[in-house]
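Notes follow once the structure below has been shown.
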Amino acid sequence: MVFQAFPGGSGGMASSHDPGFRGSWFAGTVVRREAKNTNRYVVEYDQLYEDESGEKLLQETLNWIQLRPPPPPPEKKKVQLKFGDEVEAFHSDGWWEGAITAEHSGGKFVVFFRGSKEQIVFEEKDLRLPVQWVKGKWEPRFEQFTQGMQVEVLTDEDGLKGAWFAATIIEPSGEDKYLIEYKTLRNDDDTEFLREDIRACNIRPCPPEIIVVDGFKVMDEVDAYYNEGWWVGVIAKVRSSA
Numbered sequence: 001m002v003f004q005a006f007p008g009g010s011g012g013m014a015s016s017h018d019p020g021f022r023g024s025w026f027a028g029t030v031v032r033r034e035a036k037n038t039n040r041y042v043v044e045y046d047q048l049y050e051d052e053s054g055e056k057l058l059q060e061t062l063n064w065i066q067l068r069p070p071p072p073p074p075e076k077k078k079v080q081l082k083f084g085d086e087v088e089a090f091h092s093d094g095w096w097e098g099a100i101t102a103e104h105s106g107g108k109f110v111v112f113f114r115g116s117k118e119q120i121v122f123e124e125k126d127l128r129l130p131v132q133w134v135k136g137k138w139e140p141r142f143e144q145f146t147q148g149m150q151v152e153v154l155t156d157e158d159g160l161k162g163a164w165f166a167a168t169i170i171e172p173s174g175e176d177k178y179l180i181e182y183k184t185l186r187n188d189d190d191t192e193f194l195r196e197d198i199r200a201c202n203i204r205p206c207p208p209e210i211i212v213v214d215g216f217k218v219m220d221e222v223d224a225y226y227n228e229g230w231w232v233g234v235i236a237k238v239r240s241s242a
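Just so we're aligned, residue 1 is where the sequence shown starts under the UniProt record's numbering, counting upward by one.
Below you can see the structure in the form of C-alpha cells.
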C-alpha cells in the first residue's frame, strides 16, 4: 500500500497492536506524517478517547501497515453467513476480526474472537465479510487457490464442526468455491476419498510447521490433531510427563 494515497486530514481505518486491541480496526483521521520516519503517521481516532472523561480524542503514531482506507459498502448481493465464516463484527466502536461459531434464530450469530477468547452474539447487520487492502484496491480476504494445491478445509458436517481436514484443490467450482478432495475422509461406501464443493473462506493453506520452544501453557489456543483432523481448542490443564 502506498500511503501517499492518504494525505493529512483524510479519513481511514487504523489497527492497534496494543494488548486487547489486536485484530480490530477503528475509524480515524490522519493528522500528519512523521518527518524523521516517513512510514509512520499520527492518527486521531473518531471514537476512542485519551481517558474516561471522553473530552479529548486519542492520538497515536502508527506504522503505515496499520492503516487502510474505509472499506467500501457491502455489495447489494446479500451473502448468506454461516458457521465457520470469518467475519468482522462491529463491537465497542470498532470492527473486530472473528469467526462464526453458531447460528441463532432471528438472524443472529455467535462470533468467537481469538484474541480475547470471547463469544458474543451479534445481529447480521453488525457483521461483514473481511476484506483486505492490496496494492491500492480492496479484495476479498481469501486465498486464490490453484489446482493441486495442498490445503486444509473447515467442514460444517454434524460431528465435525470446528475441525480442519487436509485436502487437495481439484478445480474451481463456482463463485468463491472450489471442488476439493479430502486426504483422510472417505465416502459412505469407503471406496474413495470424499470430494466436496467448499467456499473459499472455509479453506486455508496448510500452516507451516512451528517448533514450540517453551511448551504449551494453560489457556493457550491450539489446534489438536484428533480423528483425522485439526480441532480448535484451548489447553485446560498441563499434565506432567513423569
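Just so it is clear, CB atoms sit at the ideal spot from N, CA and C, and this is done for glycine as well.
Chain-order list of residues whose beta-carbon lies under 6 Å from that of A236 (same chain, five-residue window excluded): As a first step, residue 236 is located in the sequence shown; it is residue number 236 there, counting from the start. Answer for A236: no residue qualifies.
DSSP three-state assignment for K183, whether helix, strand or coil: By 1-based counting over the sequence shown, the position of residue 183 is 183. Note: K183 maps to strand in three-state DSSP.
Those runs of the alpha helix (DSSP H) which lie wholly inside the region 110-152 and span at least 4 residues: Correct list: empty.
The beta strand (DSSP E) enclosing F26, as first and last residue numbers: As a position in the sequence shown, residue 26 is number 26, starting the count at 1. That run of the beta strand (DSSP E) goes 24-33.
Backbone secondary structure at N63 - three-state DSSP: Translated into the one-based positions of the sequence shown, residue 63 becomes position 63. Strand at N63.
Simplified DSSP assignment, three categories, for A236: Translated into positions along the sequence shown, residue 236 becomes position 236. Residue state, collapsed to three classes: coil.
Residues of its chain near L127, where Cβ-Cβ distance is below 6 Å and the 5 sequence neighbours each way are ignored: Position 127 of the sequence shown, counting from 1, holds the residue named residue 127. These residues qualify, in order along the chain: V87, A89.
Residue range of the beta strand (DSSP E) that includes L194: Position 194 of the sequence shown, counting from 1, holds the residue named residue 194. L194 -> beta strand (DSSP E) spans 193-199.
Boundaries of the beta strand (DSSP E) in which T101 is found, first to last residue: Indexing the sequence shown from 1 puts residue 101 at position 101. Unbroken beta strand (DSSP E) run through T101: 94-104.
N-terminal and C-terminal residue of the beta strand (DSSP E) that F165 is part of: Walking along the sequence shown from the start, residue 165 turns up at place 165. Per DSSP, F165 belongs to the beta strand (DSSP E) from 163-174.
Within 7 Å, strictly: CB atoms of R186 and F193: Position 186 of the sequence shown holds residue 186. Position 193 of the sequence shown holds residue 193. Going by C-beta atoms, R186 is nearer than 7 Å to F193.
Own chain partners of G162 with C-beta closer than 7 Å, once the 5 adjacent residues on each side are dropped: Here residue 162 refers to the residue found at position 162 of the sequence shown. Counting only Cβ-Cβ distances below 7 Å, and skipping sequence neighbours, we find W231, V232.
Selected residue, minimal CA-CA separation from I170, among Q66, M149, G159: Here residue 170 corresponds to residue number 170 of the sequence shown, with the count starting at 1. Checked all of Q66, M149, G159; the closest Cα to I170 is M149.
Under 7 Å between C-beta atoms of L154 and W138: Working through the sequence shown from its first residue, we reach residue 154 at position 154. Working through the sequence shown from its first residue, we reach residue 138 at position 138. No, the pair does not count as a contact, with Cβ atoms beyond the cut-off.
Contacts around V79, its chain only, beta-carbon distance under 7 Å, and the 5 residues preceding and following it disregarded: To locate residue 79, count along the sequence shown from 1; it is residue 79. L129.
Contact check, E181 vs T191, beta carbons under 7 Å: Against the sequence shown, residue 181 aligns to sequence position 181. Against the sequence shown, residue 191 aligns to sequence position 191. No. Outside cutoff.
Neighbour-count burial assignment, D85, 16 or more Cβ in a 10 Å radius: Taking the first residue of the sequence shown as 1, we reach residue 85 at position 85. So D85 ends up on the buried side.
Beta-bridge partners of L154, as assigned by DSSP: By 1-based counting over the sequence shown, the position of residue 154 is 154. The partner list for L154 (beta bridge, DSSP) reads W164.
Cut-off 6 Å between Cβ atoms - residues of its own chain near W95, not counting five sequence neighbours on either side: Along the sequence shown, one-based indexing puts residue 95 at 95. Excluding positions up to five away in sequence, the list reads W25, E88.
Spatially closest choice to F112 from V234, D158, R239, V238, by CA coordinates: Numbered from 1 along the sequence shown, position 112 holds the residue referred to as residue 112. Shortest Cα-Cα distance from F112 to any of V234, D158, R239, V238 involves V234.
Enclosing beta strand (DSSP E) for F216 [first to last residue]: Here residue 216 corresponds to residue number 216 of the sequence shown, with the count starting at 1. No beta strand (DSSP E) contains F216, which DSSP labels as neither H nor E.
Nearest-angstrom beta carbon gap, E44 and G28 [assumed within contact, 8 Å]: To locate residue 28, count along the sequence shown from 1; it is residue 28. To locate residue 44, count along the sequence shown from 1; it is residue 44. Right, the Cβ-Cβ distance comes to about 6 Å (below 8 Å), so this counts as a contact.
A102 versus I120: straight-line alpha-carbon distance, rounded: Against the sequence shown, residue 102 aligns to sequence position 102. Against the sequence shown, residue 120 aligns to sequence position 120. Cα to Cα, A102 sits roughly 10 Å from I120.
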